[in-house]
Amino acid sequence: MKIFPAIDLYGGKAVRLYKGDYDQMTVYDPVPLNTARAFAACGARYLHTVDLEGARFGTMPHLELIRSFVQETELFVEVGGGIRTMEAVETYISAGVGRVILGTAAVTDEKLVSDAVQKYGAKIAVGADIRDGFVAIKGWTEKSALTCEGFFEKMQRAGVSTVICTDISRDGAMRGTNRALYRQLSAAFHVDIIASGGVSTLDDVRALAEMGLYGAIIGKAYYTGDIDLAAAIEVAG
1 MKIFPAIDLY
11 GGKAVRLYKG
21 DYDQMTVYDP
31 VPLNTARAFA
41 ACGARYLHTV
51 DLEGARFGTM
61 PHLELIRSFV
71 QETELFVEVG
81 GGIRTMEAVE
91 TYISAGVGRV
101 ILGTAAVTDE
111 KLVSDAVQKY
121 GAKIAVGADI
131 RDGFVAIKGW
141 TEKSALTCEG
151 FFEKMQRAGV
161 STVICTDISR
171 DGAMRGTNRA
181 LYRQLSAAFH
191 VDIIASGGVS
201 TLDDVRALAE
211 MGLYGAIIGK
221 AYYTGDIDLA
231 AAIEVAG
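In my numbering, the protein residues as written are 1 to 237.
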């Protein structure tokens, strides 16, 4: 299983939200490139980054910072947050990003998903951000009418190969990941699932790896020291 340490960006800084609440934001690094380099020094090969401003407003305010992650480290960078047009997809891929994550657009713009997958294949992923069983959109500020299972079915039919699935209720809460949800989804669908939200201990990492998940995102637990990144990479195999 691949480990994706996470950098969430707001105002040019590495931050974390509590359960997706922009009013409960903690700044962890004013120079996020230093965090990316620290990940690489721990043996990480992958980086998950989210432009929280982009997610909120549909813009790309951190494009140059994300470009620096690509250019200044050897990490495979996947990025999400506010990517709602083919132009935005192409801009990030031209910047060297390895995978672009469609969130809100995956719910609201089926043509964008199909066009992007047709053009870029496995470089396109989607984000399933789950609140109370439904997919949330626009930086988790709105709940759509689409259920988690319904979303996975649509994305699988569209040819999407990777889904980043976040249980919002667990995100930043440090109370463990939703193992039952990932077990259910991995049994029901034939896509690569990256677990996100609440990965708080090495036991969480081990359990997800034993399910055969493609990947897991480690966010707050890295910043608080609850998970040693090098140890998590080793446990994930």
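Beta carbons: idealized from backbone N, C-alpha and C, even for Gly.
- Looking at 227, 4, 76 and 79, the one whose alpha-carbon comes closest to that of residue 201 is 227.
- DSSP places residue 21 within a strand segment (E or B) once states are collapsed to three.
- Residue environment for residue 78: buried (at least 16 other C-beta atoms within 10 angstroms of its C-beta).
- In the DSSP annotation of this structure, the continuous segment of the alpha helix (DSSP H) that includes residue 108 starts and ends at 104-108.
- Pairwise C-beta distances place the segment 110-126 out of contact with the segment 59-72, as fewer than three of them are shorter than 8 Å.
- By the criterion of a C-beta distance shorter than 7 Å, residue 86 is surrounded in its chain by 112, 115 and 116, once the five residues flanking it on both sides are discounted.
- Inter-residue distance for residue 160 and residue 125 is about 6 Å (C-alpha atoms, whole angstroms).
- Residue 142 carries a strand assignment under DSSP once its states are collapsed to helix, strand and coil.
- According to the DSSP secondary-structure assignment, residue 48 is paired through a beta bridge with 6 and 78.
- At the C-beta level, residue 7 and residue 30 stay beyond 8 Å of one another.
- Comparing alpha-carbon positions, the option among 27, 73, 134 and 89 lying closest to residue 118 turns out to be 89.
- In this structure, the straight-line span from the alpha carbon of residue 197 to that of residue 23 is close to 18 Å.
- The beta-bridge partner set that DSSP reports for residue 129 consists of 166.
- One thing to note: residue 91 has its Cβ no nearer than 8 Å to the Cβ of residue 122.
- Following the DSSP letters along the chain, one finds residue 93 inside the alpha helix (DSSP H) bounded by residues 86-94.
- For residue 192, the enclosing beta strand (DSSP E) starts and ends at 192-196.
- Inter-residue distance for residue 186 and residue 222 is about 25 Å (C-alpha atoms, whole angstroms).
- Taking all protein chains shown into account, residue 84 has 16 or more neighbouring C-beta atoms within 10 Å of its C-beta and is therefore buried.
- A direct Cα-Cα distance of roughly 5 Å separates residue 218 from residue 5.
- The beta carbon of residue 158 is closer than 8 Å to those of 110, 113, 114 and 117 in its chain, skipping five residues each way along the sequence.
- Residues 72 and 73 of the same chain have their beta carbon placed closer than 8 Å to that of residue 37, with the five preceding and five following residues left out of the count.
- A Cβ-Cβ distance of about 15 Å is found for the pair residue 57 and residue 20, leaving them out of contact under the 8 Å criterion.
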